[in-house]
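> In this note's numbering, the protein residues as written are 1225 to 1679.
(1) Since residue 1273 and residue 1345 are thought to touch, with beta carbons under 8 Å apart, how far apart are those beta carbons, to the nearest angstrom?
(2) Could you name the residues that DSSP lists as bridge partners for residue 1609?
(3) Which residues in the same chain as residue 1554 place their Cβ atom closer than 8 Å to its Cβ, once the five residues preceding and following it in sequence are excluded?
(4) From residue 1179 to residue 1593, what distance separates their C-alpha atoms?
(5) Tell me whether residue 1649 sits in a helix, a strand or coil according to DSSP, three-state version.
(6) Which residue's Cα is closest to the Cα of residue 1623: 1337, 1271, 1339 and 1348?
(7) Which of helix, strand or coil does DSSP assign to residue 1312?
(8) Go ahead and label residue 1462 buried or exposed: buried means 16 or more other beta carbons lie within 10 angstroms of its beta carbon, across all protein chains shown.
(9) Alpha carbon to alpha carbon, how far is residue 1282 from residue 1628?
(10) Can you give the Cα-Cα distance for residue 1373 and residue 1537, rounded to whole angstroms?
(11) Using 8 Å as the threshold, is the C-beta distance between residue 1507 and residue 1443 below it?
(12) Pick out whichever of 1473, 1448 and 1640 has its Cα sitting closest to the Cα of residue 1459.
(13) Let's see if you can read the secondary structure: which residues bound the beta strand (DSSP E) around residue 1505?
(14) Is residue 1615 closer than 8 Å to residue 1653 when the C-beta atoms are compared?
(15) Compute the Euclidean distance between the alpha carbons of residue 1318 and residue 1492, then round it to the nearest angstrom.
(16) Given a threshold of 16 other Cβ atoms within 10 Å of its Cβ, counted over all protein chains shown, does residue 1603 qualify as buried or as exposed?
(17) Ignoring anything shorter than 4 residues or poking outside the segment 1586 to 1646, list the alpha helix (DSSP H) runs there in chain order.
(18) If you draw a straight line from the C-alpha of residue 1243 to the C-alpha of residue 1292, how long is it?
(19) Buried or exposed: where does residue 1684 fall if 16 or more other Cβ atoms within 10 Å of its Cβ makes it buried?
(20) Tell me the start and end of each unbroken beta strand (DSSP E) in the segment 1347 to 1431 that is at least 3 residues and wholly inside, in chain order.
(21) State the Cα-Cα distance for the pair residue 1547 and residue 1252, rounded to the nearest angstrom.
(22) I believe residue 1600 touches residue 1621 by the beta-carbon criterion, under 8 Å. Please report the beta-carbon distance rounded to the nearest angstrom.
(23) Identify the continuous beta strand (DSSP E) that holds residue 1255 and give its terminal residues.
(24) Can you tell which of 1331, 1406, 1276 and 1502 has the C-alpha that lies nearest to the C-alpha of residue 1303?
(25) Rounded to whole angstroms, what's the CA-CA distance from residue 1445 to residue 1482? Just pull it up for me.
(26) If distances are taken between C-alpha atoms only, which option among 1268, 1513 and 1362 comes closest to residue 1569?
(27) Just to confirm my understanding: we take residue 1245, look at its own chain, exclude 5 residues before and 5 after, and list those with CB closer than 7 Å. What are they?
(28) Quick check: what's the CA-CA separation for residue 1466 versus residue 1330?
(29) Since residue 1334 is in the beta strand (DSSP E), which residue starts that stretch and which ends it?
(30) According to DSSP, simplified to helix, strand and coil, what is residue 1669?
(31) Comparing alpha-carbon positions, which option in 1380, 1392 and 1337 lies nearest residue 1369?
(32) Between the C-alpha atoms of residue 1610 and residue 1663, what's the straight-line distance to the nearest angstrom?
(33) Take residue 1439 as the anchor and find which of 1632, 1457, 1323 and 1523 has the nearest alpha-carbon.
(34) Taking the alpha-carbon positions, what's the residue 1399 to residue 1387 distance?
(35) Does DSSP put residue 1560 in a helix, in a strand, or in coil?
Here's what the structure looks like:
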């Protein structure tokens, strides 16, 4: 429900203005919403009438959580110079804060309207978890926005995300620590979750030192679609350099164990009232066969002299994990996307993303097609390793393309068109948009298709 302006204005903390020198070129406001969320607004002196509501990415519990209104300083400076108003909030809480993020972002927009007047055009945009918040705003509050831009977004939604995070650690425990009893879901608190992750880590580290272990880690990575080049600090392997690709995936698997699969999961479970994840009825043999990493896995198993069929059979026979029905309902109600768009949305994603693999876009494409919104959705891909590693030019090119769609009624999201826009926005860096159709997401779950298996 929309936060009423009267409630916002009654509880606002005092706003602060920039020093006189900065104020001469625009207005900078900071303060707090009734929820406790911080907000920040930058409005140039020559405002062009468009306001951009930015949703930031996931902030772990206990980490600093400042308000943000752009992905970075370079984008902020350029957009202000072009006349855009930039606003955003911190969300009232850290972690899986979708229930707070959506109303806090709407409250920030209400406050902006009170202080500066109605915008000619309002766009939602965000990165990572913020791309998910952006799409939720676009679907559930379409009357507030003219269009949206989701960048490296978690657009597979909450249930699919946590299921897909479960699959690789289930494989690692089954194949590398079968009698360990390491808990993978249903954590009582953060200490228990962190301890579980730390118990599995040395098993994975030891496995990485043997050909058999490396093959099994590659199998786990394939169930999450972790790409073989996923960090800009990694040399890019050749297409059949299986050893180098697996080494890169191992680094991402360790990161998965250290935060998302255990610590972040527990925080989400605490909100949901239990575990929203399951793998009952999941066919891991079929899942691997659909993975773009299938060839790598088979080659590494062959080199190790290990039977892939035997390991897949072990996954098939291992005791499965059931979800808590009330937690699935909570996650479905708060964190599952419908695909129902009323206004244009552009999604961009890096191809080498290990945290939110590019296949998330296939999940949202499926949802939008089922909802009859495919014509309003466009997706574009940047050929680069890492999560949200867009250049400023690539980011602003996407924003330009969205605005052009609103101005003309026609999409131009071809790689050549986006690269041309990116070079115009920032001639100093490469433009890397490429043609791409990602493979299917391993276990999609949206309101039109609640999954092939039930919790």
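A virtual CB, placed ideally from N, CA and C, is assigned to each residue, including glycine.
A quick note: this is a predicted structure, and the numbers were derived from the prediction, not measured.
Reading off the structure:
(1) In the chain shown, the residue the question calls residue 1273 occupies position 49. In the chain shown, the residue the question calls residue 1345 occupies position 121. 6 Å between Cβ atoms; contact.
(2) To locate residue 1609, count along the chain shown from 1; it is residue 385. Per the DSSP secondary-structure output, residue 1609 pairs in a beta bridge with 1576.
(3) Here residue 1554 refers to the residue found at position 330 of the chain shown. 1495, 1496, 1497 and 1500.
(4) This structure cannot settle anything about residue 1179, because the visible part of the chain is limited to 1225 through 1679.
(5) Walking along the chain shown from the start, residue 1649 turns up at place 425. Residue 1649 falls in the helix class under three-state DSSP.
(6) Along the chain shown, read from residue 1 onward, the residue named residue 1623 stands at position 399. Taking only the C-alpha atoms, the option nearest residue 1623 is 1348.
(7) As a first step, residue 1312 is located in the chain shown; it is residue number 88 there, counting from the start. Residue 1312 falls in the strand class under three-state DSSP.
(8) If you number the chain shown from 1, residue 1462 lands on position 238. Its Cβ having fewer than 16 others within 10 Å, residue 1462 is exposed.
(9) As a position in the chain shown, residue 1282 is number 58, starting the count at 1. As a position in the chain shown, residue 1628 is number 404, starting the count at 1. So the alpha carbons of these two residues sit roughly 29 Å apart.
(10) For this step, residue 1373 is matched to residue 149 along the chain shown. For this step, residue 1537 is matched to residue 313 along the chain shown. In a straight line, the C-alpha of residue 1373 is about 42 Å away from that of residue 1537.
(11) Indexing the chain shown from 1 puts residue 1507 at position 283. Indexing the chain shown from 1 puts residue 1443 at position 219. No, the pair does not count as a contact, with Cβ atoms beyond the cut-off.
(12) Here residue 1459 is taken as the residue at index 235 of the chain shown, counted from 1. Answer by Cα proximity: 1473.
(13) Within the chain shown, the letter at position 281 stands for residue 1505. Careful: residue 1505 lies outside any beta strand (DSSP E) and carries neither H nor E.
(14) Against the chain shown, residue 1653 aligns to sequence position 429. Against the chain shown, residue 1615 aligns to sequence position 391. Against a cut-off of 8 Å, the Cβ pair of residue 1615 and residue 1653 comes out as a contact.
(15) The residue labelled residue 1318 in the question sits at position 94 within the chain shown. The residue labelled residue 1492 in the question sits at position 268 within the chain shown. C-alpha separation (whole angstroms): 11 Å.
(16) Counted from its first residue, the chain shown places residue 1603 at position 379. Answer is buried; the Cβ neighbour count reaches 16.
(17) 1616 to 1632
(18) As a position in the chain shown, residue 1243 is number 19, starting the count at 1. As a position in the chain shown, residue 1292 is number 68, starting the count at 1. Here the model assigns residue 1243 a pLDDT of 31, short of 50, so the residue's position is not dependable and the matter cannot be decided.
(19) Since the first residue of the chain shown is 1225 and the last is 1679, residue 1684 is not available in this structure.
(20) 1371 to 1375
(21) Working through the chain shown from its first residue, we reach residue 1547 at position 323. Working through the chain shown from its first residue, we reach residue 1252 at position 28. Spanning the two alpha carbons is a distance of roughly 46 Å.
(22) The residue given as residue 1600 occupies position 376 in the chain shown. The residue given as residue 1621 occupies position 397 in the chain shown. Not really, about 19 Å apart at Cβ, beyond 8 Å.
(23) For the purposes of this step, residue 1255 is identified with residue 31 of the chain shown, where counting begins at 1. Here the beta strand (DSSP E) through residue 1255 covers 1250 to 1256.
(24) Reading the chain shown from its first residue, position 79 is the one you call residue 1303. For the set 1331, 1406, 1276 and 1502, the Cα lying nearest the Cα of residue 1303 is the one of 1276.
(25) Counted from its first residue, the chain shown places residue 1445 at position 221. Counted from its first residue, the chain shown places residue 1482 at position 258. Looking at the two C-alpha atoms, the distance is approximately 15 Å.
(26) Locating residue 1569 in the chain shown gives position 345, where the first residue counts as 1. When only C-alpha atoms are compared, the closest one is 1362.
(27) Your numbering for residue 1245 matches position 21 in the chain shown. At residue 1245, the pLDDT of 32 sits below 50, so the modelled position is not reliable; the number obtained from the coordinates is stated separately. If we look at residue 1245 and ignore the five residues flanking it on each side, it has no Cβ neighbours.
(28) By one-based count along the chain shown, residue 1466 stands at place 242. By one-based count along the chain shown, residue 1330 stands at place 106. In a straight line, the C-alpha of residue 1466 is about 47 Å away from that of residue 1330.
(29) Here residue 1334 is taken as the residue at index 110 of the chain shown, counted from 1. Run containing residue 1334: none in the beta strand (DSSP E); it sits in the alpha helix (DSSP H), 1322 to 1340.
(30) Taking the chain shown and counting its residues from 1, one reaches residue 1669 at position 445. In this structure, residue 1669 counts as coil in the three-state DSSP scheme.
(31) Here the question's residue 1369 lines up with position 145 in the chain shown. Minimum Cα distance to residue 1369 is reached at 1337.
(32) Numbered from 1 along the chain shown, position 386 holds the residue referred to as residue 1610. Numbered from 1 along the chain shown, position 439 holds the residue referred to as residue 1663. About 18 Å.
(33) Position 215 of the chain shown, counting from 1, holds the residue named residue 1439. The option with the nearest alpha carbon to residue 1439 is 1523.
(34) Your numbering for residue 1399 matches position 175 in the chain shown. Your numbering for residue 1387 matches position 163 in the chain shown. Approximately 19 Å, taken between the alpha carbons.
(35) Here the question's residue 1560 lines up with position 336 in the chain shown. Here residue 1560 sits in coil by DSSP.
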